[in-house]
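In the working numbering, the protein residues as written are 9 to 173. Cβ coordinates follow ideal geometry from the N, Cα and C atoms, glycine included. Only a predicted model underlies this, so the values are computations on that prediction, with no experimental measurement involved.
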Amino acid sequence: MRQFSMLTAGLSVLAIVLMVLAYAIYDHIPKDQDPAVAKRTEARIAPVGAVYAGDTGRAAMLAAQEAAAKLAASQVAYGGSTDGKTIYDNLCHSCHTAGVAGAPKLGDKSAWGARIAQGIATLTKHAIEGYNGPDGNHMPAKGGNPSLTDEQVGNTVKWMADQVK
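See the structure below:
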């Protein structure tokens, strides 16, 4: 009986140590950030007006707008490339080469036939918004990369569909 109570106490201490360790690991995992939140915050705190200082002020405003445009372009995935093959090679190949989560393999006519029959618009919509198929397959929105533009996703879907023909 004495050994049983010591074993129970030891297991209880071990369980508490493991729970504290799990919490410490969980606490250090970076939290997901929604890009829409940052945009809403920027819009909310944006200045209502601006000071105009003649040509000097105009030059400063144009320089600021140009810098903002460059920053926005640099935050688009893959340098803003709209080449479907480039985006496939950098992102999509990881699932569509091995068939991860039911992803149709690139060039597999039997897997792509029914999907292409639904139309490129439907395929593109599923690729942009994400899709959970009835047979358990899963397509994350924008392939899991939210910095892709809708145009980039659409061009990649078209390129992938063209590989079946």
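{"Check": "Three-state class that DSSP yields for H36 in the structure shown", "Outcome": "coil"}
{"Check": "Cβ-based neighbour list, K166, same chain, cut-off 7 Å, excluding 5 preceding and 5 following", "Outcome": "G92 and I128"}
{"Check": "C-beta atoms of A85 and N163 nearer than 8 Å", "Outcome": "no"}
{"Check": "Minimum C-alpha distance to G144 - residue among I24, I53, L15 and A109", "Outcome": "A109"}
{"Check": "8 Å CB neighbourhood of Q41 in its chain, flanking five on each side removed", "Outcome": "none"}
{"Check": "Contact under 8 Å by Cβ, Q160 with T90", "Outcome": "yes"}
{"Check": "Start-to-end residues for the alpha helix (DSSP H) that takes in D158", "Outcome": "D158 to D170"}
{"Check": "Coarse secondary structure for N145, derived from DSSP in three states", "Outcome": "coil"}
{"Check": "A23 versus I124: straight-line alpha-carbon distance, rounded", "Outcome": "52 Å"}
{"Check": "Status (buried if at least 16 other CB within 10 Å, exposed otherwise) for L70", "Outcome": "exposed"}
{"Check": "Environment of V135 [buried if 16+ CB atoms lie within 10 Å]", "Outcome": "Note on identity: in this sequence residue 135 is Ala, with Val being the wrong assignment. A135 should be labelled buried."}
{"Check": "Nearest-angstrom Cα separation, counted from K78 out to H101", "Outcome": "29 Å"}
{"Check": "Cα-Cα separation, C103 to Y139", "Outcome": "14 Å"}
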